[in-house]
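See structure below.
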Amino acid sequence: MIAGLARRIATSLALAWIVATIVFLALHMVPGDPAELLLSTGGIAPDPATVAELRSRLGLDRPLADQYFDFLSGLPQGDLGNSLVDDYPVAQEIALRLPRTLELIGAGALLAVVFGIPAGTWAAMHRGGTFDRVASGLAALLLAVPVFVVGTLLILLMAQALRLMPAGGFVPLAQDPVQHLTLLALPAIAIAKGLTAIVFRMTRSSVLDALSRDYVRTARAKGLSPARVLVHHVVRNALSPVLTVLGLQMGTMLGGTVLVEYVFNWPGLSTPLLHAVEARDYPMVVGIVLTVSGLFLLINLAMDLLYAVLDPRIRAT
Amino acid sequence: MKRLWIPGALVAAVILLALLAPWLGLADPVKQDIAQRLAGPMPGSPLGRDEFGRDVLSRLIWGARTSLGVAFAAAAIAGILGTMLGLVGGWFRGIGELLTVRSMDIILCFPPVLLALLVVTLLGPGAGTLILVLSVLYLPGFARVTYAEVLSARSHDYVEAVRALGAPTGRILLRTVLPNIAGPVLVQLSLAVAAAVVLESGLSFLGLGVVPPAPSWGLMIRGARATMEQSPLLLLWPCAALSLTILAMNLLCDGLRDAVDPRTPAARPRPRLIDRMLPGMLPPTERTGAVLDLQGLTVEIATPRGRIRPVEDVSFSVRPGETMAIVGESGSGKSVTATALMGLLPPAARPVAGAVWLGERDLLRLDEPALRALRGGAMAMVFQDPMSSLNPVHRVGDQVAEAIRAHRTMTAKAARAEALGLFRRVGIADPERRLDAWPHELSGGMRQRVMIAMALANRPGLLIADEPTTALDVTVQAQILELLAELQRETGTAMIFITHSLGVVAEIADRVTVMYAGQVVEQGDAAAVFAAPLHPYTRALLAATPDGDGQPAGIPGVVPQPHAFPTGCRFAPRCSHAVAACEAAPVMLDETQGGRLTRCIRWTELANGAECAA
Amino acid sequence: MTTPSATPLVEAKGLSKIFHTGGLFRRGRAVQAVRAVDAGVARGEALGVVGESGSGKSTLGRLMLGLMPASGGTVSFDGRPLGRTSGRDWRALRRRMQIVFQDPYGSLDPRRRVGAQIADGLAIHRVGDAGQRAERVAGMLERVGLDPSHAQRYPHEFSGGQRQRIGLARALASGPDFLVADEPVSALDVSIQAQIVQLLAELRRDLGLALLFISHDLPVVRHLCDRVMVMYLGRVMEEGTAEAVFTSPAHPYTRALISATPQLRPDRRADRILLAGDPPSPSNPPSGCVFRTRCAHARPACAEAVPELRPHGESRRVACIRAEEIA
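The listed protein sequences correspond, in order, to chains A, B and C.
No gaps in the numbering here: position 209 of the first sequence is 209 in the working numbering, and each next residue is one more.
No gaps in the numbering here: position 43 of the second sequence is 43 in the working numbering, and each next residue is one more.
No gaps in the numbering here: position 270 of the third sequence is 270 in the working numbering, and each next residue is one more.
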């Protein structure tokens with residue numbers, strides 16, 4: 001089992017390395033001179049002096065291998081280069097903003113699990129009933145409406161029409177917990193909408209599958225109470241596929257945070273990211289993309305390990 | 001199919017509108033008219049004007065054109081390339097697999113929006129960049145789906161058969177594998193288009209997708225957001241258009257998925273409790289101290305094709321220490337009978353006639369809690385496939401202890417000690433260690449021993465064994481049969497043994513019930529039945545069983561399906577002794593001397609060596 | 001029954017096959033599915049290969065057809081070794097050897113008509129034109145006891161037994177000399193089993209096929225086959241004429257196997273020989289005689305060396321150092 005653990009960690013590290021390499025090479029894969037590319041906006045050719053200055057600033061005039069080595073060696077130390085806009089270290093900016101994005105993701109995932117799993121289980125147990133039909137319909141609707149539409153409409157409804165909540169913003173937790181949580185509510189709901197729907201569906205189909213299994217028949221044949229059959233034999237076995245899907249969907253959710261933070265003015269990573277994209281601040285974009293992708297890989301590794309805890313058959317591999 | 005029509009029509013309508021946009025006589029979507037900024041509905045602009053005075057309706061339809069154009073282009077490119085990669089990877093495996101499918105997995109490590117933003121940083125926003133990014137993002141999906149389908153198709157015997165016939169790889173891929181992947185690829189295509197629309201609109205909303213003034217729903221929402229307070233409707237139109245289109249596409253995807261992978265739709269009646277049964281049972285007959293007394297059990301199942309009765313008018317009884325074998329081939333109804341006894345029928349099936357007396361109580365009339373107290377307690381069951389009958393995520397010792405604690409209050413430790421004793425009793429070697437084993441770590445024979453231990457944990461008076469050795473090797477089967485016989489001698493448990501093998505019946509049964517097409521066709525003392533069968537089916541079954549002398553003779557024809565049971569004798573179409581009277585009317589069970597039963601109108605003649613019908 | 005000719009049509013010598021578990025970057029365990037097996041089937045002869053799960057009998061069948069490469073040993077067909085044939089010769093050879101599978105539901109492509117599938121062998125090797133092929137398909141369907149007009153139907157319209165017949169028709173359409181039947185009746189009801197076995201017997205007699213019949217069910221093999229080979233954990237335990245092996249089995253495993261088979265008649269039931277313990281894992285087989293861990297007659301000497309297949313009486317070979325004593 002330790003071998004399996006080590007192997008999974010090694011695979012994740014290898015993937016992280018490949019991701020970093022691709023991101024590094026992306027700039028060089030585009031036809032044309034990288035420095036010129038980053039400076040040209042609106043089709044106007046940039047001033048050669050500025051180009052040369054950028055080139056030396058980013059180290060683009062050095063051999064590719066040197067650039068790559070510098071880039072890679074900087075990563076474990078947390079050195080992601082400096083922003084082209086204000087020359088501050090990228091890592092600093094990310095460190096400042098990352099916790100707020102993580103908070104949003106955490107809140108969203110929590111909502112999704114707390115609502116999705118019980119609802120999915122109940123819907124599966126009473127398949128075809130009213131709850132099942134209503135919940136499944138709601139899930140389909142939630143999946144269809146894009147996250148930024150949900151966010152915008154929430155603002156329209158709660159902030160404008162009903163005047164129940166502010167339209168966005170942020171207050172540190174230490175300063176005013178109640179307000180902080182109030183401001184967290186709408187963005188968290190928005191970001192949870194897709195994941196909740198998916199968790200609901202996955203739980204429902206997984207529980208339905210477990211219900212039809214022979215070992216559930218055995219459990220009933222033993223005379224176990226329905227509660228025990230449900231918890232110990234049905235839900236316990238149904239959780240694993242839900243975990244897998246949770247891990248995979250985190251990628252979409254991480255992308256969703258960009259949109260939700262933008263809509264609600266939540267000061268996470270999306271603000272510097274979007275500014276950087278518009279300004280072609282390549283080091284900043286790279287830094288954020290690497291951070292979030294690394295986070296994604298980490299989450300999936302955790303899901304993998306959790307899966308092994310849940311299913312002893314996996315532990316053997 | 002109904003599930004496909006409505007969303008399909010909606011999606012088709014949107015696509016049609018988008019395609020025909022230039023010819024619909026719409027206002028110019030990019031022409032600004034600041035004087036009419038945020039105007040309400042007016043002639044020529046049924047939905048009003050946006051923040052730059054442009055016609056909303058026109059922009060909606062032209063926006064559809066842009067969004068769908070980008071989405072379909074990206075999905076098509078991803079589809080063609082991804083499918084090819086998946087085919088190559090799945091068929092050739094090894095390095096080919098590594099280069100194609102596995103390398104695609106790298107793309108999946110990037111959250112989609114972020115990868116898109118990275119590319120937009122480098123190449124600038126615009127429809128072209130979007131198509132490139134979206135194609136790359138959806139490549140892995142196609143590659144994986146195709147790869148999985150190819151692998152699955154390869155493992156089918158019919159692909160191996162064609163390979164054995166000497167077909168070259170190209171022919172196999174083209175004729176055998178490709179048609180099988182068409183369905184899933186189509187589903188994936190619809191998924192990719194829907195996802196692409198979402199992603200494109202999100203990026204445009206951020207101002208980093210389609211470049212203004214080209215219309216796109218995402219851009220419209222972006223613009224309307226600024227003027228949300230003054231004209232909320234302006235915001236709602238593109239939101240509605242976007243959401244409804246995506247909803248229709250998602251529903252279409254679901255419908256396609258169902259159409260491609262048809263699962264038999266389970267009938268969905270509301271679950272009924274056993275005690276809400278129809279009246280009209282047979283009057284209770286005397287019960288002769290039997291442990292179990294089945295009288296006229298009939299089970300009905302509601303299927304899409306109508307109501308069927310896989311078990312009809314089945315009766316038998318079992319005394320303590322006795323083994324009653326129920327023998328029949330597929331479609332005989334023997335398993336349904338066993339399941340009905342335990343009250344474990346699926347919701348679609350219910351007993352509609354008869355009684356099942358366990359001691360003084362009719363099981364069919366008991367409510368669920370009472371039945372539950374009996375299950376695993378006074379009556380227990382051992383199933384056919386021990387691998388799937390044990391929960392793979394719990395240790396086997398725990399599963400046996402669970403059975404004990406469900407019926408008796410005791411501490412976990414005491415239950416474990418008792419489980420240990422049971423393991424020893426059923427002959428599991430090294431029992432202390434095995435208590436903590438996982439099911440997948442045990443062999444088939446050992447798992448079945450665990451199942452038997454579980455069943456005997458609470459000393460049942462009745463043990464129902466549903467083909468317990470069918471999935472086991474012959475030598476292991478012998479061990480298990482020996483174990484069951486030994487345990488029965490020791491505890492005096494009555495046993496019902498269901499099997500399709502006459503040899504097994506001859507070895508272990510005191511009495512036998514032969515079932516065919518849902519009915520009992522013969523019943524009696526096992527030795528007597530085998531020595532002189534009174535029903536042509538029993539006789540034919542004996543003749544078909546290879547046993548050392550002479551060639552086994554098959555029975556021509558097939559077992560009738562429950563929807564189409566013959567009105568007369570159900571075996572008549574295959575019976576070599578059938579006469580016209582056999583097919584005319586349903587046949588009743590006849591009781592012969594010695595308490596034997598047979599369902600054949602010609603049994604007396606046959607017992608005296610009558611000729612076959614000419 | 002046609003007397004089988006002396007020289008085998010298909011001959012395997014010292015055949016071995018090792019499977020490696022584990023993926024691309026993982027070194028997994030090695031499973032020896034087949035070890036040093038000699039087997040041969042002559043024209044018109046039926047050889048039964050009998051064993052329980054893990055015995056390697058299915059793998060042996062596929063090795064002898066050349067459907068998978070052997071890890072050791074040779075297989076020759078009509079004098080020519082299979083390992084060294086080039087692509088085109090390889091495909092030409094395919095015509096002459098065929099296989100029927102166990103699962104009647106997986107062995108036919110659900111999306112194609114049965115007639116087209118039966119004609120596959122002819123189409124691939126470009127035998128005849130469309131009309132001639134259709135005739136042959138109709139002929140084959142009739143030969144296996146089905147209605148020729150059903151060639152236009154799809155597999156799901158047939159029952160399990162009928163699909164096995166179609167599988168047989170497909171295998172025999174191109175006129176092979178060698179047929180491997182891999183548990184062709186195990187998934188069928190007893191009454192249908194007998195039908196199919198009867199059909200196989202007829203076809204073998206009429207077409208002079210060399211037949212390799214793989215099964216875990218001994219009584220079925222007894223009537224159909226001339227010779228029988230008993231396998232356990234990849235090795236041959238006993239081999240000889242069906243009559244000899246069944247009436248007086250020499251190897252302890254064969255005896256246990258026969259004794260374990262449920263008998264209809266009480267007078268036939270000898271004292272049951274119960275094997276102790278469970279079959280060992282194929283990835284970790286016992287040293288020396290692979291059967292010794294469950295054998296009532298085992299001695300320390302059995303663990304030292306793998307017993308050779310030695311002649312025992314006229315028509316038999318047994319791999320047991322104590323065969324004479326036990327008998």
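The beta carbon of each residue, even a glycine, is placed where N, CA and C say it ideally should be.
Distance cut-off 7 Å: residue i Cβ against heavy atoms of the ligand HEM
i                      : result
residue 157 of chain A : Of the ligands one can find in the structure shown there are none, so the ligand HEM has no counterpart to examine.
Residue i - containing beta strand (DSSP E), residue span
i                      : result
residue 334 of chain B : That residue, residue 334 of chain B, is in no beta strand (DSSP E); its alpha helix (DSSP H) goes 334-342.
residue 72 of chain C  : 72-77
residue 351 of chain B : 349-358
residue 13 of chain C  : 8-20
residue 98 of chain C  : 97-100
residue 328 of chain C : Because chain C is modelled from 1 through 327, residue 328 of chain C falls outside the range shown and cannot be assessed.
residue 516 of chain B : 511-516
residue 219 of chain A : No beta strand (DSSP E) holds residue 219 of chain A; the alpha helix (DSSP H) holding it covers 214-221.
Rounded distance between the beta-carbons of residue j and residue i, thought under 8 Å
i                      : j                      : result
residue 9 of chain C   : residue 319 of chain C : Contact doesn't hold; Cβ gap of about 25 Å is too wide.
residue 193 of chain B : residue 104 of chain B : Incorrect: roughly 19 Å between the Cβ atoms, too far for contact.
residue 354 of chain B : residue 409 of chain B : Not confirmed; about 35 Å, so no contact.
residue 67 of chain B  : residue 57 of chain B  : Not really, about 16 Å apart at Cβ, beyond 8 Å.
residue 596 of chain B : residue 523 of chain B : 7 Å
Segment limits, alpha helix (DSSP H) that includes residue i
i                      : result
residue 321 of chain B : That residue, residue 321 of chain B, is in no alpha helix (DSSP H); it is neither H nor E in DSSP.
residue 149 of chain B : 127-155
residue 9 of chain A   : 2-29
residue 81 of chain A  : Counting along the chain, residue 81 of chain A falls outside any alpha helix (DSSP H), and DSSP gives it neither H nor E.
residue 183 of chain B : 178-205
Residue i burial status per 10 Å Cβ neighbour count (16 or more: buried)
i                      : result
residue 212 of chain A : exposed
residue 69 of chain A  : exposed
residue 88 of chain B  : buried
residue 390 of chain C : Look at the range of chain C in this structure, 1 to 327, and you will see that residue 390 of chain C is not part of it.
residue 284 of chain C : exposed
residue 295 of chain B : buried
Contact with chain C by residue i, beta-carbon distance below 8 Å
i                      : result
residue 245 of chain B : no
residue 517 of chain B : no
residue 180 of chain B : yes
residue 161 of chain B : yes
residue 565 of chain B : no
Test: residue i CB closer than 8 Å to a CB of chain B
i                      : result
residue 321 of chain C : no
residue 252 of chain A : yes
residue 268 of chain A : no
residue 95 of chain A  : no
residue 257 of chain C : yes
Proximity test, Cβ basis, 8 Å: residue i and chain A
i                      : result
residue 109 of chain B : yes
residue 202 of chain B : yes
residue 22 of chain B  : no
residue 102 of chain B : no
Under 8 Å from the C-beta of residue i: neighbouring residues of chain A
i                      : result
residue 389 of chain B : 214, 215, 217, 218
Residue i: contacting residues in chain C (beta-carbon distance under 8 Å)
i                      : result
residue 479 of chain B : 274, 275
residue 167 of chain B : 120, 124
Proximal residues of chain B, C-beta to C-beta of residue i below 7 Å
i                      : result
residue 190 of chain C : 329, 500, 541, 544, 545
residue 262 of chain C : 501, 503, 504, 506, 507
7 Å Cβ cut-off: residues of chain A touching residue i
i                      : result
residue 454 of chain B : 222
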